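Residue numbers (my numbering): 53 to 455.
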Ligand code: SF4
């Protein structure tokens, strides 16, 4: 598996696969035609499948147009052509209406792209395992963080320090913002209101719920407005870890170093899911995004609490198991409804899963192991109807379709 850095990426929302990936593909294409000195008078970009169905709501066309602002550019939404991967986009260079050069890219999730038909530049492996049970064998009685530090390069701590800052910035920006997100959907920002409710609340557990909820809303509302967020593991699910990090750093005053170390453990969980299943809503539904984020969040909380590797596996498994089958059906294709609220539910599920691991795991071993649930999540995603995987053709996405 690759470095933990690959799971946490700082960039603009609202979607790692539908915004960050296409942005990167556009930059690669510009490099290509500049390097080859190709003459053209127009660039046509065709968005296929999921990128066509939810591209507008995910600002795919906007980010491409902005990046190509110095050129004559046309965006085509192709809803009919079947592509092997749902996130496919093609760039054509035209001269006097004739195609002179083309390239097709696939946005494979988490902000990564791959050029169609070209062998992927393999991201170097840092970990010689992609299963939790093998991870346990590497650790045995050793310290988890010491092991991670021994295989990652020394820039990891600085990198994660920047990740913590960016997560907290996204929460703070969201808490200070007002107005609406998601353009014509006009979803009112409410993070600030929930935060004020939390400050007034006397009951400690309700207070924690409201703080965590307000932070998840804040980061997710920033994401919905195209602001800077951290993928954890995706942009759509950025609110779960950002909420926990902000709560532990600012409310509980936990040392930043401990938070960075806990992010390393949650990063391993995210990488296992990414390598063994998927973290992309268009490939496996929202179970792969919010389910994975909850699972990572549960691991983060166990790590902060110095719990054992078995308890980390238990908590991560519970969070993912009870997200199985979760569909991706954003209303009008905007990463807003159900996504913002789903991040808040995701952080609460992470917290409950951590509590279950702490208080219940001692009475009975988990019947379902973490590696099992990751495999089941992948299979469930493969069997899920395509209409429910980030196409906005079914489910909640159909509500008030006439708006
Ligand atoms: S429903 Fe879930 S997977 Fe789909 S866009 Fe929203 S957060 Fe991402």
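Glycine residues also receive a C-beta, built at the ideal position from the N, C-alpha and C atoms. For clarity, every value in this text was computed on a predicted model and none was experimentally measured.
Beta-carbon proximity list for residue i, same chain, < 6 Å, skipping 5 on both sides
i: residue 78; result: 116 and 119
i: residue 113; result: 107 and 127
i: residue 342; result: 289, 394 and 398
i: residue 414; result: none
i: residue 452; result: none
i: residue 329; result: 426, 429 and 430
i: residue 455; result: With a pLDDT of only 42 at residue 455, under the threshold of 50, the placement of this residue in the model should not be trusted, and no figure is reported.
i: residue 268; result: 291, 295, 395, 396 and 399
i: residue 109; result: 384, 385 and 386
i: residue 275; result: 65, 66, 281, 287 and 290
i: residue 406; result: 350, 353, 354 and 367
i: residue 185; result: 423
i: residue 247; result: 227 and 266
i: residue 243; result: 226, 227, 266, 269, 270 and 273
i: residue 181; result: 187
i: residue 401; result: 346 and 371
i: residue 72; result: 63 and 163
Own chain partners of residue i with C-beta closer than 8 Å, once the 5 adjacent residues on each side are dropped
i: residue 317; result: 196, 197, 200, 351, 352, 354, 355 and 364
i: residue 409; result: 350, 354, 359, 363, 364, 366, 367 and 370
i: residue 52; result: Coverage of the chain is limited to positions 53 through 455, which leaves residue 52 absent and any answer about it impossible.
i: residue 93; result: 124, 146, 147 and 148
i: residue 152; result: 90, 91, 92, 145 and 146
i: residue 213; result: 308 and 312
i: residue 441; result: 102, 138, 333, 334, 335, 336, 337, 379, 380 and 433
i: residue 88; result: 153
Beta-carbon proximity list for residue i, same chain, < 7 Å, skipping 5 on both sides
i: residue 310; result: 356
i: residue 345; result: 284, 285, 289, 292, 293 and 398
i: residue 373; result: 420 and 425
i: residue 177; result: 53 and 54
i: residue 476; result: In the structure as shown, the chain begins at 53 and stops at 455. Residue 476 is therefore absent and cannot be evaluated.
i: residue 191; result: 199 and 361
i: residue 314; result: 352, 355 and 356
i: residue 130; result: 98, 99, 100 and 104
i: residue 96; result: 126, 128, 144 and 146
i: residue 133; result: 100
i: residue 327; result: 53 and 182
i: residue 298; result: 219, 220, 223 and 267
For residue j and residue i, believed in contact at Cβ under 8 Å, the rounded distance
i: residue 368; j: residue 422; result: 5 Å
i: residue 233; j: residue 62; result: Wrong, their Cβ atoms sit about 20 Å apart, outside the cutoff.
i: residue 157; j: residue 168; result: 7 Å
i: residue 272; j: residue 392; result: 4 Å
i: residue 322; j: residue 348; result: 5 Å
i: residue 75; j: residue 278; result: That pair is no contact at about 11 Å.
i: residue 68; j: residue 163; result: 4 Å
i: residue 215; j: residue 60; result: 5 Å
i: residue 187; j: residue 320; result: 6 Å
i: residue 459; j: residue 303; result: Nothing about residue 459 can be read from this structure; the chain reaches only from 53 to 455.
i: residue 183; j: residue 324; result: 7 Å
i: residue 150; j: residue 81; result: Incorrect: roughly 18 Å between the Cβ atoms, too far for contact.
Whether or not the region 287-302 and the region 203-223 are in contact is what I'm after, with contact meaning three or more pairs of Cβ atoms, one per stretch, closer than 8 Å; do they touch?
yes
Please list, in chain order, all residues with a C-beta atom less than 5 Å from at least one heavy atom of the ligand SF4.
288, 333, 338, 341, 380, 382, 387 and 391
Is it true that the region 224-242 meets the region 251-261, where meeting means three or more beta-carbon pairs spaced less than 8 Å apart?
No, the region 224-242 is not in contact with the region 251-261.
Within 8 Å, do at least three Cβ pairs link the region 436-451 to the region 331-338?
Verdict: yes, contact present.
The region 123-139 in contact with the region 95-105 per 3-pair CB rule at 8 Å
yes
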